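Novice: Dropping a structure here in structure tokens format, bear with me for questions.
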């Protein structure tokens, strides 16, 4: 099947049918990450341990009120795009199980994020809401064996490829450079623990969130913390992300394998296959001839993957657009979403897709936008 990028204005909208000239919108898939949350862990010497986090029920990894508002905003943007006719009138204003399907990674913060987005997307226009709100089923599987949305699922091949990548000349030279090795040695003393490069995100993530909520106390209690050190941690962590997801300056060939391509395949391959499978089925089942096994896909218009930052990141890397979608660097910010729209041209009988990116606003850090 041929996929082409589609750009243009929307010329006709009627009864859920969206047309752009001879092209018709058939299917929408969205991949988003959760909103603001408490850290999922921290380093041993950190002043802010699990007991410091009270919102969302308290503890590690809980979606915050800020995170909920971020997802409410995302839901409203999706509603304006697909429900109320601001861009398209494609989806019904109320939940329809034949039209919408929601998949989420098995994690508490994504559960609350899903509910918040759906609240904004398809809430009823009743004065006594939420009396009229219909809870929407959200589907999931075990976290460790979610091979579609969880980039950290159990995968021996991914671990094997990463071990090889770390032995490559490029990664080895970078890890052993004075700047990187010196930082990691310094953090071992400051954090009370030695971190593998792939786990440095724990330190970076904790310090990011603590600046949002406890910036003054953070700097008082951890006298070693300053903006320069934090930026060093972030820069090294971001480069580690690049390598883990197969982005190298030059091709890395080991044991007859292109390690960069292999890492991208193992990270995003299952998700890309799932996205493509839905489009392929939609295309095949849209033909005039009635086919078996098409009932479930024929009515489906909207499919969501609610997951983590690394899920969205892996998709962007696989498509080769992470440098354009994420500025200035690193993982996508809270509640970021990637959208894949499938269009069919009734004239040339070809399939097209359009990509859209919902970029969240910057978060507030120590009294100003960062």
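Residue numbers (my numbering): -4 to 365.
We treat Cβ as the ideally placed atom computed from N, Cα and C, and that holds for glycine.
Just so we're clear, the structure is a prediction, and the values are computed from it rather than from any experiment.
Between the C-alpha atoms of residue 198 and residue 325, what's the straight-line distance to the nearest angstrom?
Specialist: Along the chain shown, one-based indexing puts residue 198 at 203. Along the chain shown, one-based indexing puts residue 325 at 330. Between residue 198 and residue 325, the C-alpha separation is close to 14 Å.
Novice: In angstroms, rounded to a whole number, what distance separates the CA positions of residue 249 and residue 159?
Specialist: The residue labelled residue 249 in the question sits at position 254 within the chain shown. The residue labelled residue 159 in the question sits at position 164 within the chain shown. Spanning the two alpha carbons is a distance of roughly 7 Å.
Novice: Would residue 134 be called buried (16 or more neighbouring beta carbons within 10 Å of its own) or exposed?
Specialist: Taking the first residue of the chain shown as 1, we reach residue 134 at position 139. Exposed: under 16 other Cβ atoms inside 10 Å.
Novice: Pull up the distance between the alpha-carbon of residue 21 and that of residue 95, whole angstroms please.
Specialist: On the chain shown, position 26 is the one that residue 21 refers to. On the chain shown, position 100 is the one that residue 95 refers to. If you take the alpha carbons of residue 21 and residue 95, they lie about 13 Å apart.
Novice: Please classify residue 336: is it buried, with 16 or more other beta-carbons within 10 angstroms of its beta-carbon, or exposed?
Specialist: Start at 1 with the first residue of the chain shown, and residue 336 comes out as number 341. Result: buried.
Novice: Run through the DSSP bridge pairs and tell me what residue 350 is partnered with.
Specialist: Indexing the chain shown from 1 puts residue 350 at position 355. Beta-bridge pairing links residue 350 to 335.
Novice: With H, G and I counted as helix, E and B as strand and the rest as coil, what does DSSP make of residue 301?
Specialist: On the chain shown, position 306 is the one that residue 301 refers to. Correct three-state label for residue 301: strand.
Novice: Rounded to whole angstroms, what is the Cα-Cα separation between residue 264 and residue 141?
Specialist: Start at 1 with the first residue of the chain shown, and residue 264 comes out as number 269. Start at 1 with the first residue of the chain shown, and residue 141 comes out as number 146. When rounded, the distance between both Cα atoms is 13 Å.
Novice: Indicate the three-state DSSP secondary structure (helix, strand or coil) for residue 157 in the structure shown.
Specialist: Here residue 157 refers to the residue found at position 162 when the chain shown is read from its first residue. Residue state, collapsed to three classes: helix.
Novice: Give the straight-line distance between the Cα atoms of residue 276 and residue 304, rounded to the nearest whole angstrom.
Specialist: As a first step, residue 276 must be located in the chain shown, where it is residue number 281. As a first step, residue 304 must be located in the chain shown, where it is residue number 309. Those two C-alpha atoms are separated by around 28 Å.
Novice: Across which residues does DSSP place residue 23 in a beta bridge pair?
Specialist: Indexing the chain shown from 1 puts residue 23 at position 28. Bridge partners of residue 23: 297 and 336.
Novice: Excluding five sequence neighbours on each side, which residues of the same chain lie with their C-beta closer than 7 Å to the C-beta of residue 17?
Specialist: Working through the chain shown from its first residue, we reach residue 17 at position 22. So the qualifying residues of the chain are 340, 341 and 342.
Novice: For residue 330, count neighbouring Cβ atoms within 10 angstroms of its own Cβ and tell me buried if that reaches 16, exposed if not.
Specialist: Along the chain shown, read from residue 1 onward, the residue named residue 330 stands at position 335. Classification for residue 330: buried.
Novice: Can you name, in chain order, every residue of its own chain whose Cβ lies under 6 Å from the Cβ of residue 88, other than the five neighbours on each side?
Specialist: Reading the chain shown from its first residue, position 93 is the one you call residue 88. Contacts found: 78.
Novice: Once you ignore the five residues that flank residue 193 on each side, which residues in its own chain have a CB closer than 8 Å to its CB?
Specialist: Here the question's residue 193 lines up with position 198 in the chain shown. If we look at residue 193 and ignore the five residues flanking it on each side, its Cβ neighbours are 157, 235 and 239.
Novice: Report the residue from 243, 253, 39 and 282 whose alpha carbon sits nearest the alpha carbon of residue 413.
Specialist: Since the first and last residues shown for the chain are -4 and 365, residue 413 lies out of range.
Novice: Does the beta-carbon of residue 272 have 16 or more other beta-carbons within 10 angstroms, so that it is buried, or is it exposed?
Specialist: Position 277 of the chain shown, counted from the start, is the residue given in the question as residue 272. Classification for residue 272: exposed.
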